[in-house]
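Chemist:
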Amino acid sequence: MQIRPMTIGDYDEVFAMWQITSRRALSKADERGQIERYLKRNEGMSQVAVTDGKIVGTVLAGHDGRRGFIHHMAVLPEYRRRHIGRKLAEKAIEKITADGIDKTHIFCYRTNEAGQKFWSDFGFEKRGDIYIFSYNNKD
35 MQIRPMTIGD
45 YDEVFAMWQI
55 TSRRALSKAD
65 ERGQIERYLK
75 RNEGMSQVAV
85 TDGKIVGTVL
95 AGHDGRRGFI
105 HHMAVLPEYR
115 RRHIGRKLAE
125 KAIEKITADG
135 IDKTHIFCYR
145 TNEAGQKFWS
155 DFGFEKRGDI
165 YIFSYNNKD
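Residues 35 to 173 in the working numbering are what the sequence shown lists, from first letter to last.
(1) Report all residues from its chain with a CB closer than 6 angstroms to the CB of Glu47; omit the five preceding and five following residues, and keep chain order.
(2) Can you grab the Cα-Cα spacing for the pair Phe141 / Tyr165, in whole Å?
(3) Can you check whether the CB of Ala126 is closer than 8 angstroms to the CB of Ala95?
(4) Could you check if Asn76 is buried or exposed, using at least 16 other CB atoms within 10 Å of its CB as the buried criterion?
(5) By the DSSP assignment, the alpha helix (DSSP H) with Phe103 in it spans what residues?
(6) Per DSSP, Leu94 is paired with what?
(7) Measure how close the beta-carbons of Lys99 and Lys137 come, nearest whole angstrom, since I'm counting them as under 8 angstroms.
(8) Leaving out five residues before and five after Leu60 in sequence, what residues of the same chain have Cβ atoms less than 7 angstroms from its Cβ?
(9) Thr55 to Thr92, Cα distance in whole Å?
(10) If distances are taken between C-alpha atoms only, which option among Ser80, Tyr45, Arg71 comes closest to Met107?
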């Protein structure tokens, strides 16, 4: 298995994976043009795991200049339990840290018990002191 930076050329394969693993979290922000802009703005931080020429895992990652963010961490179901997700997260955090960012956040649905366990076991702290509010700039 190889872990390498995600490029816009990976988009179709990655988006197909998200349809299987992250469908409920997808929005207009995940369309090709938006992802291309995100990858350019956060060059080298998002990663893919490749086995035999097939993308089997991905993490969309970047920062805003203050805090790092991990989005759409996904591993194909048949490739789980092989530490692929952990390796992807470690690489993304390594890249974020190398850019001088000392804290990274992940958004995880309350109903995603497996995701909560993964991030907690990884060392992320579940916060109870803040709420996330979202505003749609365009409708």
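Beta carbons: idealized from backbone N, C-alpha and C, even for Gly. Small disclaimer: the values here were computed from a predicted structure and weren't measured.
Modeler: Let me lay it out:
(1) Ile89
(2) 11 angstroms
(3) yes
(4) buried
(5) No alpha helix (DSSP H) contains Phe103, which is instead part of the beta strand (DSSP E) from 102 to 109.
(6) His105
(7) The residue you asked about is not Lys; residue 99 is Gly in the sequence shown. Actually they do not touch by this definition, with Cβ atoms about 12 angstroms apart.
(8) Trp52
(9) 11 angstroms
(10) Ser80
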